[in-house]
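Those letters in the sequence shown? Residues 17 to 262, by my numbering. Worksheet for the structure shown next.
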Amino acid sequence: MDSVLLEKRSDGVAIVTLNRPDVLNALDVPSKERLGAIWRDAASDPEVRSILLCGAGERAFCAGSDIKEISRTGRMVSTGTLLDAIPNVGVRLDKPVVAAIHGHCVGFGLTLAMHCDLKLARADARFGFPEVKHGMISGVSAVHLPKVVPAALAFEMLLLGEPFTAEEALARGLVNRVVEGDVRSLGEDWARRLASYSPVAVQATKRAALFGLGDLEGERAAIEAARAAVESKDDFRAGAEAFVRG
């Protein structure tokens, strides 16, 4: 079965499901390549008007990159594949993306969620950027996060890597709502509402809002430089091996 599922519905909603529940939906390189292909598909399909991103199983939205894969291969994913996997980053995606978050949403999983346009979190969701603890870097979020939260808080989140709750994510402006019940149902409702609006108006509004967030090409250069610095050392390999050993 595919590690990322795409379901296109007749109401204009496309549902993208991260489908590796046995590893908390941690994403390996093929999964990231699949995500990039899905964003390109959705962007080019006029029948798709909105997108819902969610995780399979009860335990996680996405636990980040597959560290066991990194330990096994000794390599991190290429910057191009990484950026393409993130909505609104590597692939121009004018259609709105809603994230329905539950359980673990950490590392690359939190990066994915942050780049969705609307974020709903179940009350049990837990967030964080633990990459530095494993000798790694959240390059995309290191560039983007200071635009979302105050700089002091961004440094704390990225450098200390401490986990935080759904309510804390709401207070920090990282999610729109915290939901006690079925977060996916609310996500589907929001996606249907977006799909029912004028696609011209919705997509033009999103383009204008993204324009205000800054220069993606300049950000890409900063991300590539930061990742190259980390990849030139063995710390990330040692961190991945330590994680696998437990």
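Note that the Cβ used here is the ideal one computed from N, Cα and C, for glycine as well.
At the level of alpha carbons, what is the spacing between aspartate 110 and alanine 79? 26 Å
Going straight from the alpha carbon of arginine 75 to that of leucine 40, what length do you get? 6 Å
Candidates Lys163, Gly144, Ala58, Ser154: closest to threonine 95 by CA position: Ser154
Check the DSSP bridge columns for threonine 181 and list the partner residues they point to. For threonine 181, which the question treats as bridged, DSSP gives the partners Arg142.
Find out if the Cβ-Cβ distance for the pair proline 71, threonine 97 is shorter than 8 Å. Note that residue 71 is glycine in the sequence shown here, rather than proline. Not in contact: glycine 71 and threonine 97 (Cβ atoms no closer than 8 Å).
Touching or not, the region 138-152 and the region 99-115, by the rule of three or more beta carbon pairs under 8 Å? Between the region 138-152 and the region 99-115, the count of C-beta pairs closer than 8 Å stays below three; the two stretches do not touch.
Mapping the DSSP letters down to three states, classify glutamate 74 as helix, strand or coil. coil
Count the other C-beta atoms from every protein chain shown that fall within 10 angstroms of the C-beta of valine 216, then say buried if there are 16 or more, exposed otherwise. exposed
Where do the ends of the alpha helix (DSSP H) carrying lysine 163 lie? 155-164
Can you tell me the Cα-Cα spacing of alanine 225 and proline 37, whole angstroms? 33 Å
Using 8 Å as the threshold, is the C-beta distance between methionine 263 and leucine 186 below it? Outside the displayed range of the chain (17 to 262) lies residue 263, so it cannot be described from this structure.
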